[in-house]
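Peer 1: Counting in the numbering used here, the sequence shown runs from 61 upward without gaps. Next up is a structure, given as structure tokens.
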Amino acid sequence: MKRITETDLRNLFAEALHGKNGHVDPLVAIEALNARIANTHPPGSPHTIIQLLSHLNYWQQRFVSMLKNESILPATSAQLGWHHQGECTEHQLHEEINIFSNSLAFAREKLLDPDFDIHRTYGHFNSAFALFQSMTSHMAYHTGEIVLLRRICGDWPPPSGGDTW
Numbered sequence: 061m062k063r064i065t066e067t068d069l070r071n072l073f074a075e076a077l078h079g080k081n082g083h084v085d086p087l088v089a090i091e092a093l094n095a096r097i098a099n100t101h102p103p104g105s106p107h108t109i110i111q112l113l114s115h116l117n118y119w120q121q122r123f124v125s126m127l128k129n130e131s132i133l134p135a136t137s138a139q140l141g142w143h144h145q146g147e148c149t150e151h152q153l154h155e156e157i158n159i160f161s162n163s164l165a166f167a168r169e170k171l172l173d174p175d176f177d178i179h180r181t182y183g184h185f186n187s188a189f190a191l192f193q194s195m196t197s198h199m200a201y202h203t204g205e206i207v208l209l210r211r212i213c214g215d216w217p218p219p220s221g222g223d224t225w
């Protein structure tokens with residue numbers, strides 16, 4: 061029986077950042093998204109897509125800060141991650157998408173850098189593996205919500221395609 065290597069784990073998380081195997085690529089989930097859809101608040105939904113994307117960015121930026129060894133204050137409330145209020149413009153939406161895309165690119169670059177120390181503590185995580193597990197599962201959860209809202213709004217699949225089952 062083959063043992064999982066550090067390289068296997070790095071590749072696993074790098075692939076999870078882009079939706080390999082288990083879920084849709086987060087960048088596909090927001091592909092060709094426009095402000096009208098991002099601002100739509102379907103009945104019964106607690107959030108809009110722009111609120112979800114802003115929430116993801118809040119946490120992604122915290123993860124990235126930890127990976128950069130920057131000092132960040134602890135999140136004292138889950139509510140801090142839900143700061144987006146009101147509607148966004150096309151420009152604001154594209155800014156949020158760029159922030160999200162850049163955070164994914166940075167995280168993947170770190171994972172695949174052989175000099176990156178994945179065993180040390182990052183923020184309150186006891187290793188980079190723990191940080192990436194939290195990052196990827198959080199992202200998968202909210203990416204699924206984004207896809208569901210796009211389906212409800214009749215805006216799925218995006219131009220590059222996407223699972224519809």
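Don't be surprised by glycine CBs; every beta carbon is placed ideally from N, CA and C.
(1) Runs of 4 residues minimum, wholly inside the stretch 143-185: which ones carry the alpha helix (DSSP H) assignment?
(2) How many angstroms separate the CA atom of residue 192 from the CA atom of residue 64?
(3) Buried or exposed for residue 149, please, with buried defined as at least 16 other CB atoms from any protein chain shown within 10 angstroms of its CB.
(4) State yes or no: is the C-beta of residue 222 within less than 8 Å of the C-beta of residue 84?
(5) Going by the CB atoms, is the gap between residue 185 and residue 124 shorter than 8 Å?
(6) For the structure I just gave you, are there three or more beta carbon pairs, one from the stretch 81-101 and one from the stretch 137-156, closer than 8 Å?
(7) Would residue 220 and residue 88 qualify as a contact pair, given that the criterion is a beta-carbon distance under 8 Å?
(8) Do you know whose CA, among 67, 78, 66, 72, lies nearest residue 162's CA?
(9) Taking C-alpha atoms, which residue in 111, 203, 105 lies nearest to residue 146?
(10) What distance in whole Å lies between the Cβ atoms of residue 160 and residue 120, which are believed to be in contact at a cut-off of 8 Å?
Peer 2: Once the coordinates are examined:
(1) 150-172
(2) Here the question's residue 192 lines up with position 132 in the sequence shown. Here the question's residue 64 lines up with position 4 in the sequence shown. Rounded to whole angstroms, residue 192 to residue 64 spans 16 Å at the Cα level.
(3) The residue given as residue 149 occupies position 89 in the sequence shown. Exposed, by the Cβ-count rule.
(4) The sequence position of residue 222 within the sequence shown is 162, counting from 1. The sequence position of residue 84 within the sequence shown is 24, counting from 1. Against a cut-off of 8 Å, the Cβ pair of residue 84 and residue 222 comes out as a contact.
(5) Here residue 124 refers to the residue found at position 64 when the sequence shown is read from its first residue. Here residue 185 refers to the residue found at position 125 when the sequence shown is read from its first residue. No, the Cβ-Cβ distance between residue 124 and residue 185 is not below 8 Å.
(6) yes
(7) In the sequence shown, the residue the question calls residue 220 occupies position 160. In the sequence shown, the residue the question calls residue 88 occupies position 28. Result yes, Cβ atoms of residue 220 and residue 88 sit closer than 8 Å.
(8) Looking up residue 162 in the sequence shown gives position 102. Considering only alpha carbons, the answer is 78.
(9) The residue labelled residue 146 in the question sits at position 86 within the sequence shown. The residue with the shortest Cα to Cα distance from residue 146 is 111.
(10) What you label residue 120 is simply residue 60 of the sequence shown in a count that begins at 1. What you label residue 160 is simply residue 100 of the sequence shown in a count that begins at 1. Contact flag correct, Cβ pair sits at about 6 Å.
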